[in-house]
Every structure is written in C-alpha cells, then in structure tokens.
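What follows is a single structure, written as structure tokens, with notes after it.
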Amino acid sequence: MKAPTRRALAKQQTRAKVLAAARRLFSEAGYEGATIRDIAAAAGMSTGAVFANFADKSDLFREIMLTDMAALGDAMSSAAARGADVEDALLKLFIAGYSFYRSQLPLARAAFSVGWSPEDGPALRSSPAAQALNDLVAAILKEGVKKGEIADADLDVRARMLFETYLSNYPQAIFEAWTLEALEARSRDQIRILLAGARRA
Amino acid sequence: MSSKSQPLKAATAARAAKAPAAAGARQTQKEATRSRVMEAARELFDTQGYQGTTIREIARHAGVSVGSVFTTFASKYEILSQVMEDRLEGLYAELDRVIPHLRGPTVDRLRTMFAIHFAFEARHKRLFLAYIAAAFDWTLPPTSLPMGRNQRLQGIIADCLSKGVEQGDVGSGFDAQEVIDLLMAAYIWSYRLAAWHDADATTMTSVMDRQIGLICDGLRPRTRGGPPTDYPSI
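The listed protein sequences derive, respectively, from chains A and B. Under the numbering used here, the residue at position 197 of the first sequence is numbered 197, and the numbers go up by one with no gaps. Under the numbering used here, the residue at position 101 of the second sequence is numbered 1101, and the numbers go up by one with no gaps.
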C-alpha cells in the first residue's frame, strides 16, 4: 500500500483543524450563530481552505454529527451488551447516550435545532448513522424476544418510541441541568411503560 | 381653545382631559400594530418557515415600520410564541368544551383529545415545527421554554390521566410528568411525519392512536395476588 502523500496528509490535517474549530463554535454559538468565517478564523485558516474541504456549514455540521453518532453507537452497543435483561440493556443504552453528551450539551442542543429544521432535519434523521442507533434499539428488543423476556408485539413501533423517548429527555437535561441519576430514574420508568404490553408474565 | 386666554389651572385641567383620549388612541394604535404584525408573521412563518422569515419581511407584509415591530415585540421568537399561543387558545377552548363529555377508557379519551389537536393544527404544520425548532435556538434567553412545556396541553393530559386513575384503568403509582412526556414525544413524532412526509391528519391520528395504545398498556394498574402491602410505586 502506498503511503499517503504529503498533500493528502496536509489535507487531512486541515480537515481535522476545521472540524475541531467547528465543533467548538457550534457548541458556543449554536448552529445559527456559528459562521464559516468564524470557524475558519478559529482554525487559523482562510474561508477558501474551509470551502475546499466542505461544501457549506451544514456539510460541516453533518460531518461532526456523523462522527459523533458513530462513536455514540459504539458506546451504546457496548453498554447495552452489559444489560441484565432487555429493560436493563435499554436503560444502559440511554445512559450511555446522556453520558456521551453530558460534557457537550450545547452541541446536542445545536443538533436538535438542526434536527428540527425542515431543510436539514430529514437528512440528519434518516442518515445511516441515525438509523443505526434506531436499529440498535430494535436489535435489543429482538434479543429480548429470543430470550423469552418479551413477546414479538409491535416491536417496530416500540423501538421507534423508545428512541424518541431517549431523545425527548434531552430538553430537560439541557434546560434544567438534570443529573445522570435523575435521567436514569426517569428512563427506567419510561422503558418499563413502553415495554409493559409486550412483557411476558 | 387657546391656552393664552385661559387661567393656568383651567389650561392644565384642559390638557389633563385631553391626555386619556390621546393615551387611548395610542393604545388602540399599538393593538392594531400588534395584530397586523401577528397576522403577517403567521402567514410568513407558515409559508416560508421561521428561519426563512425576517423581521423586515414581517414589517413590510404588515405594512408597518421595523421600529414599530420592535416596540411591540422583543424578538422574532416572541412573535412566533405569541402567534402560537393565540392559535392554541382556540384549540384549548374547543378541548375545554369537549373533554368534560368524553367517556370511556383512558386510552379512548386520550385518542380523541389528540385527534382533535391534529385536526386543528393540520393546516399549519410548518408553523408548529418552526415553533419547536425555535425553542432550541441557542441565542434565546434561558427562560424560553421548549415546546412540550406547554402548560395547557399538559394540564389536559394530566386531568385525563387522573380520571383514568379514578376509573381504575390507570395505576396510581405513575409519575404524571413522565407519562405526559411520553405522550408528548409520541405527539411530536407524529407531527414530524406530517411536516416532512406530508402525512395528513388521518395518518397522524392513526400513528398517534397506536402509540397511545402502547403507552396505556403500560399504565394499567398492577394486579397482584396475595394480601395488599405497601408496594413501591413504579
């Protein structure tokens, strides 16, 4: 395999610098508030250098989101694997998510804001990375069926509702600075309610 | 009346008599501006979205100056907030009329309530979503509350659930706020379907119905064999 050229390495470094600066600015100023100009300045680059690597601001943001969602997927997957049963696995998945964003709630908030926009929202939510998170929840439910813990009843809807519920706890986390303990207690109750109709015995 | 020929006391009295009338006229003017701005904003938000609408465009559409928009509203978000509250007033008036007459299992009463909600809002989906998106706007002051904190709707759901506890189809140990939030999450998902996939009120209602069913399954009182003891609430 050919070693990466100097140019390729330089391009990689530029991308990394821009992404790091963008992440910081989106966290500080939100999606609307961050500008390409500010991001470029924070990265010590020209706006030209930014545009050579990214189509526009939404492209930058999407890149950050995809990176995070992939990392989040890994964290959630390993956390869920440690679950004692289906509900515990789901709870651990939820908490892995909240822990992941705990130190970067402003970025989560920006993500929500983008997720809701008619222009960029649908693409973000239907992206393979976002789908993967939803699929992870579905897989946990299927595992629960295999182990005889829950019946195969409305699993697709339940999976979706569980994921939406996970997302719906973020506003409280963001606006009311909820602790992980509080999030965990609430999540446990919600998961129990959502699986009640499928629980065996 | 010329003030030169009047004694000072009378002139002051005459001026005082005029003042409330002038203040009244200013008040009406302010109200007129307010309703024109809100009407214009509602149309623009609904057709162009919240992000895509500027204060300047609202002012132009309303036939007022940008300055007078700002004497009435602190921000674009405040305009959106007021427009939403205004619309929702009509919805809640309708719900207040209907809900006392709803009968039957909690699941049905909740379904009816949300069906009414969807039918009412169906024509202004973009406006609603704009409201939610704006609620997460980073530049807003911390006191701005996201949707889902809507107290009237939550109050209505809470009453519905209380009645369910009385009727015996909702267990008494549930945290009402948690259940309300579950229903709100379901509601928002249904709304997104409408806004992004152009689902109509019928589709939204059927998606919501299914979710309400699943949630209510989880709210049934736990029946246990054996003597009653103090079980911890769920």
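Note that CB positions come from ideal geometry on N, CA and C, so glycine has one too.
Cβ distance (whole Å) where B:Ile1116 is taken to contact B:Gln1154 below 8 Å: Rounded, the Cβ-Cβ distance is 16 Å, inconsistent with contact.
Whole-number beta carbon distance between A:Leu90 and A:Val137, since they are thought to touch under 8 Å: Right, their Cβ atoms sit about 7 Å apart.
Residue burial classification, A:Asp189 (beta-carbon count within 10 angstroms, cutoff 16): That one is buried.
Beta carbon of B:Leu1088 nearer than 8 Å to that of B:Arg1152: Going by C-beta atoms, B:Leu1088 is nearer than 8 Å to B:Arg1152.
Where A:Pro171 falls, given that 16 or more other Cβ within 10 Å makes a residue buried: Looking at its Cβ environment, which holds 16 or more other Cβ atoms inside 10 Å, A:Pro171 is buried.
With 16 other Cβ atoms within 10 Å as the buried cut-off, status of B:Glu1031: Result: exposed.
Members of the region 1175-1186 of chain B near chain A, C-beta cut-off 8 Å: Those residues of the region 1175-1186 of chain B that come within reach of chain A (Cβ to Cβ, closer than 8 Å) are Asp1175, Glu1178, Val1179, Asp1181, Leu1182, Met1184, Ala1185 and Ala1186.
Reduced DSSP category for B:Arg1220 - H, G, I as helix; E, B as strand; rest coil: For B:Arg1220, the three-state secondary structure derived from DSSP is coil.
Within chain B, the residues that A:Pro122 reaches when beta carbons sit closer than 8 Å: Result: Trp1196.
Residues near B:Gly1168 by beta carbon distance below 8 Å, same chain, minus five either side: The residues are Pro1221.
Residue-chain proximity (A:Trp116, chain B), Cβ-Cβ < 8 Å: Yes - at least one Cβ of chain B is within 8 Å of the one on A:Trp116.
Stretch-stretch touch, CB-based, cutoff 8 Å, three pairs: the region 1112-1131 of chain B with the region 1090-1101 of chain B: Proximity of the region 1112-1131 of chain B to the region 1090-1101 of chain B meets the contact definition, three or more beta-carbon pairs being nearer than 8 Å.
Helix, strand or coil at A:Arg23 according to DSSP, with G and I counted as helix: DSSP, reduced to helix, strand and coil, places A:Arg23 within a helical segment of the structure shown.
Contacting positions in the region 1203-1225 of chain B - beta carbon closer than 9 Å to chain A: Flagged, chain order: Val1207, Arg1210, Gln1211, Gly1213, Leu1214, Ile1215, Cys1216, Asp1217, Gly1218, Leu1219 and Arg1220.
Interface flag, A:Thr179 vs chain B, CB-CB below 8 Å: Using a CB distance cut-off of 8 Å, A:Thr179 does not count as an interface residue toward chain B.
Beta-carbon proximity check, B:Val1083 vs B:Arg1042, cutoff 8 Å: Yes, the pair counts as a contact, with Cβ atoms nearer than the cut-off.
Delimiting residues of the alpha helix (DSSP H) encompassing B:Glu1085: Annotation for B:Glu1085: the continuous alpha helix (DSSP H) segment containing it runs Lys1076 to Val1098.
According to DSSP, residues forming a beta bridge with A:Arg199: Answer is A:Ile150, bridged to A:Arg199.
Buried/exposed call for A:Glu181, threshold 16 Cβ in 10 Å: A:Glu181 is exposed by the Cβ-count criterion.
Among A:Leu194, A:Val18 and A:Ala29, the one whose alpha carbon lies nearest that of A:Gln104: Closest option to A:Gln104, Cα to Cα, is A:Ala29.
Helix, strand or coil at B:Tyr1050 [DSSP, three-state]: The three-state reading of DSSP puts B:Tyr1050 in coil, since its state is none of H, G, I, E or B.
Proximity to B:Arg1060 [Cα-Cα], best of B:Leu1044, B:Tyr1050, B:Gly1049 and B:Phe1073: The candidate whose alpha carbon is nearest that of B:Arg1060 is B:Leu1044.
Beta-carbon proximity of A:Pro118 to B:Ala1195, cut-off 8 Å: Cβ atoms of A:Pro118 and B:Ala1195: closer than 8 Å.
Beta-carbon proximity list for B:Ser1005, same chain, < 8 Å, skipping 5 on both sides: Residue confidence for B:Ser1005 is low, a pLDDT of 49 falling below 50, so the modelled location carries little weight and cannot support an answer.
Minimum Cβ-Cβ distance from A:Arg192 to chain B less than 8 Å: Contact of A:Arg192 with chain B is assigned, a C-beta pair being separated by under 8 Å.
The ligand GDP heavy atom lying under 7 Å from the CB of B:Ala1032: The ligand GDP is not part of the structure shown, which contains no ligands of any sort.
Beta carbon proximity, B:Leu1102 to chain A, threshold 8 Å: False, the Cβ-Cβ gap to chain A never drops below 8 Å.
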